[in-house]
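Novice: In terms of the numbering used here, the sequence shown has 244 at position 243, counting the first letter as 1, and numbering is strictly consecutive. Where is the CB? At the ideal position from N, CA and C, for every residue including glycine. Bear in mind the structure is a predicted one, so any value in this text is a computation, not a measurement. Here it is, the structure, as structure tokens.
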Amino acid sequence: MTMIGPNRNPADCDPTEAEVQQIQLDRLQCVRNELKKRDYAACVLFDPTHMRYATGSRNMQVYSARNPARYVFVPAEGPVVVFEFGGCLHLAEKLNTVDEVRPAKAISYYFCESFLGNVTADWAAEIDELVARCYGEGRGGKRIAIESATSAAAFELQKLGYQVFDAQEPLEQARCIKVPNELKMIRSSLRATEAGVRLMESKIVPGISENELWSHLHQHVIATDGDYVETRLLSSGPRTNPWFQECSTRPIEAGDLVALDTDVVGRFGYYADFSRTFLCGDQPATARQKELYKLAYEQVMTNVELLKAGRSFKEYAELAWRIPDGYKGNRYFALVHGVGMTGEYPYVVHREDIDDKGYDGLFLPGMTICVESYIGHEDGGEGVKLEEQIYIGDDYIELLSDYPFDPRLMGR
């Protein structure tokens with residue numbers, strides 16, 4: 002399998018407006034195709050990431066991730082209707098994927114209190130009216146997928162005779178194969194995030210707190226029209242082991258390892274997801290730090306080279322780099338995971354976990370994948386986090402992430 006990239010051609014790292022318009026239409030068609038495969042009349046999407054994937058609409062992404070305050074009706078065939086938060090209808094009116102914009106019914110106790118039951122019933126009636134508009138009263142169409150709403154919403158649809166399904170499955174399958182030129186959006190998000198990490202790395206000096214250091218990346222994400230940083234995964238020194246310790250007020254000391262997982266929902270709403278570990282100060286890395294870094298680098302590069310279209314998840318897990326004894330207990334939870342607008346299908350776990358926690362499937366052309374490594378000894382000490390973002394082509398893989406590894410930790 003040939004590995005190419007990273008692609009630094011500006012024309013391949015930012016879509017034109019015409020390309021953006023076509024990408025939005027193509028993504029919508031992917032959603033419709035998945036609905037048709039399952040014989041669903043429509044889906045109602047509340048997840049702001051899925052709303053943006055299907056329509057290109059962007060509004061209060063973090064707020065609407067926890068409040069059912071806006072949603073979109075996507076039929077397998079027929080007009081797409083965005084239900085937008087009050088006062089925000091103008092935000093979706095010019096989208097080429099959207100046929101109509103209506104005010105949303107906020108089906109939440111927070112908004113409705115004692116009126117919630119009536120509002121939810123009205124919400125279901127409006128969805129029923131839209132299904133009937135697409136399919137006619139006598140043609141059935143009573144299979145519908147919804148997500149991230151209240152349980153009462155599903156119950157109200159069931160009262161109207163609907164079979165209710167989870168919309169995550171068709172949306173995950175739609176998202177996992179990238180449409181033409183979608184990679185330009187992904188590369189654009191990565192290039193902007195990489196510039197933010199370079200800025201952040203330049204601020205790593207003894208005495209700066211983890212929180213202050215992390216804030217430089219966050220500021221750059223917003224300045225370059227990104228959305229937000231999904232996690233707070235930056236830690237230093239003894240806090241690098243075990244992994245998944247959120248950044249804190251701890252001052253970073255000279256000689257500390259500083260580990261970061263970007264987890265940036267950046268430009269065009271696309272995830273820029275790579276990990277690096279740095280060394281604070283001017284002194285050389287210790288032998289122990291170099292050994293940790295060497296192991297993590299070997300894991301990432303070995304597992305990158307094993308990616309290819311047509312390989313099964315279970316075969317990949319069996320062939321993957323073998324974690325040495327003493328490090329298995331602190332292994333990262335996944336070998337690889339899909340990535341697009343945030344993390345997505347597939348999710349492939351280690352050989353030790355695949356029988357209990359894993360599932361099988363195939364890596365397919367058009368998938369974008371993150372290859373993970375975390376190396377931290379079970380007895381403690383520091384740890385190293387590395388990760389690369391990859392595109393799988395028909396007979397090649399492309400390295401999408403484009404950030405150097407620390408030469409002092411590489412022993413160079």
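Since Ser65 is in the alpha helix (DSSP H), which residue starts that stretch and which ends it?
Specialist: The residue labelled residue 65 in the question sits at position 64 within the sequence shown. Element bounds for Ser65: Gln62 to Arg67.
Novice: Sorted by chain position, which residues of the same chain lie with C-beta nearer than 6 Å to Asn8's C-beta, five sequence neighbours on each side aside?
Specialist: Sequence index remark: in the sequence shown, residue 8 carries index 7 (1-based). Hits under 6 Å: none found.
Novice: Runs of 4 residues minimum, wholly inside the region 132-207: which ones carry the alpha helix (DSSP H) assignment?
Specialist: Fully enclosed alpha helix (DSSP H) runs of no fewer than 4 residues occupy 152-160, 169-177 and 183-203 of the region 132-207, in order along the chain.
Novice: Check the C-beta distance from Ala255 over to Gly282 and give it rounded, since I have them as a contact under 8 Å.
Specialist: The residue given as residue 255 occupies position 254 in the sequence shown. The residue given as residue 282 occupies position 281 in the sequence shown. Yes, Ala255 and Gly282 are in contact; Cβ-Cβ is about 4 Å, under 8 Å.
Novice: Would you mind giving the Cβ-Cβ distance between Arg240 and Trp215, rounded to the nearest angstrom? I have them listed as a contact below 8 Å.
Specialist: Within the sequence shown, residue 240 is the residue found at index 239, counting from 1. Within the sequence shown, residue 215 is the residue found at index 214, counting from 1. About 13 Å; that fails the 8 Å criterion.
Novice: Using the Cβ count rule (16 or more neighbours within 10 Å means buried), how would you classify Val246?
Specialist: In the sequence shown, residue 246 corresponds to position 245, counting from 1. Note on identity: in this sequence residue 246 is Gln, with Val being the wrong assignment. Under this definition Gln246 is a buried residue.
Novice: Using CA coordinates, which residue listed in Asp274, Lys160 and Tyr375 is at the minimum distance from Leu296?
Specialist: To locate residue 296, count along the sequence shown from 1; it is residue 295. Selected option, being the one with the closest Cα: Tyr375.
Novice: How many angstroms separate the CA atom of Gly270 from the CA atom of Val73?
Specialist: For the purposes of this step, residue 270 is taken as residue 269 along the sequence shown, with counting starting at 1. For the purposes of this step, residue 73 is taken as residue 72 along the sequence shown, with counting starting at 1. For Gly270 and Val73, the distance between alpha carbons rounds to 17 Å.
Novice: Which two residues bound the contiguous beta strand (DSSP E) that contains Gln246?
Specialist: Taking the sequence shown and counting its residues from 1, one reaches residue 246 at position 245. First-last for Gln246: undefined, no H or E at that position.
Novice: On a Cα-Cα basis, can you pick out the residue from Thr56, Leu307 and Leu410 that is closest to Cys371?
Specialist: Residue 371 sits at position 370 when you count from the first residue of the sequence shown. Comparing Cα-Cα distances from Cys371 to each of Thr56, Leu307 and Leu410, the minimum goes to Leu307.
Novice: Would you give the residue range spanned by the beta strand (DSSP E) that Ala260 belongs to?
Specialist: Position 259 of the sequence shown, counted from the first residue, corresponds to residue 260. Its beta strand (DSSP E) spans residues Leu258 to Asp262.
Novice: In this structure, how does DSSP classify Met411 when only helix, strand and coil are distinguished?
Specialist: Residue numbering aside, residue 411 sits at position 410 when the sequence shown is read from its first letter. If DSSP states are grouped into helix, strand and coil, Met411 belongs with coil.
Novice: Going by beta-carbon coordinates alone, are Arg352 and Glu319 separated by less than 8 Å?
Specialist: Here residue 352 is taken as the residue at index 351 of the sequence shown, counted from 1. Here residue 319 is taken as the residue at index 318 of the sequence shown, counted from 1. With respect to the 8 Å criterion, Arg352 and Glu319 are classified as neighbours on the basis of their beta carbons.
Novice: Quick check on the burial criterion: 16 or more other C-beta atoms within 10 angstroms. Buried or exposed for Asn97?
Specialist: Locating residue 97 in the sequence shown gives position 96, counting from the first residue. Here Asn97 is exposed, its C-beta having fewer than 16 other C-beta atoms within 10 Å.
Novice: Please report the residue range of the beta strand (DSSP E) in which Glu399 lies.
Specialist: Counting from one through the sequence shown, the residue named residue 399 turns up at place 398. Residues Tyr397 to Leu400.
Novice: Distance, Cα to Cα, Lys386 vs Val259?
Specialist: Counting from one through the sequence shown, the residue named residue 386 turns up at place 385. Counting from one through the sequence shown, the residue named residue 259 turns up at place 258. Computed Cα separation, rounded: 9 Å.
Novice: Could you tell me which uninterrupted beta strand (DSSP E) segments, each at least 3 residues in length, are contained entirely in the region 272-317, listed from first to last along the chain?
Specialist: 276-280
Novice: Taking 8 Å as the threshold (C-beta atoms), are Phe47 and Pro69 in contact?
Specialist: Numbered from its first residue, the sequence shown carries residue 69 at position 68. Numbered from its first residue, the sequence shown carries residue 47 at position 46. Result yes, Cβ atoms of Pro69 and Phe47 sit closer than 8 Å.
Novice: Can the beta-carbon of Glu373 be found less than 8 Å from the beta-carbon of Ile5?
Specialist: Along the sequence shown, read from residue 1 onward, the residue named residue 373 stands at position 372. Along the sequence shown, read from residue 1 onward, the residue named residue 5 stands at position 4. For Glu373 and Ile5, no; Cβs fall outside 8 Å.
Novice: Please work out which residues of its chain come closer than 8 Å, Cβ to Cβ, to Pro181, disregarding the five sequence neighbours upstream and downstream, and give them in chain order.
Specialist: Residue mapping note: residue 181 aligns to position 180 of the sequence shown, counting from 1. Correct list, in chain order: Gln23, Ile24 and Asp27.
Novice: Could you check how far apart the C-beta atoms of Gly384 and Asn242 are, in whole angstroms? I think they sit under 8 Å.
Specialist: Start at 1 with the first residue of the sequence shown, and residue 384 comes out as number 383. Start at 1 with the first residue of the sequence shown, and residue 242 comes out as number 241. About 4 Å separates the beta carbons of Gly384 and Asn242, which is inside the 8 Å limit, making them a contact pair.
Novice: Measure the beta-carbon distance from Met186 to Tyr272 and round it to whole angstroms, keeping in mind my assumption that it falls under 8 Å.
Specialist: Along the sequence shown, read from residue 1 onward, the residue named residue 186 stands at position 185. Along the sequence shown, read from residue 1 onward, the residue named residue 272 stands at position 271. Going by Cβ atoms, the distance from Met186 to Tyr272 rounds to 10 Å, so no, they are not a contact pair.
Novice: What are the boundary residues of the alpha helix (DSSP H) that Glu18 is part of?
Specialist: Your numbering for residue 18 matches position 17 in the sequence shown. Here the alpha helix (DSSP H) through Glu18 covers Glu18 to Lys38.
Novice: Determine, using beta-carbon pairs with one atom in the region 156-164 and one in the region 196-205, whether at least three such pairs fall under 8 Å.
Specialist: no
Novice: Give the range of the beta strand (DSSP E) segment to which Ala43 is assigned.
Specialist: For the purposes of this step, residue 43 is taken as residue 42 along the sequence shown, with counting starting at 1. Looking at the DSSP string, the run of the beta strand (DSSP E) that includes Ala43 is Ala43 to Leu46.
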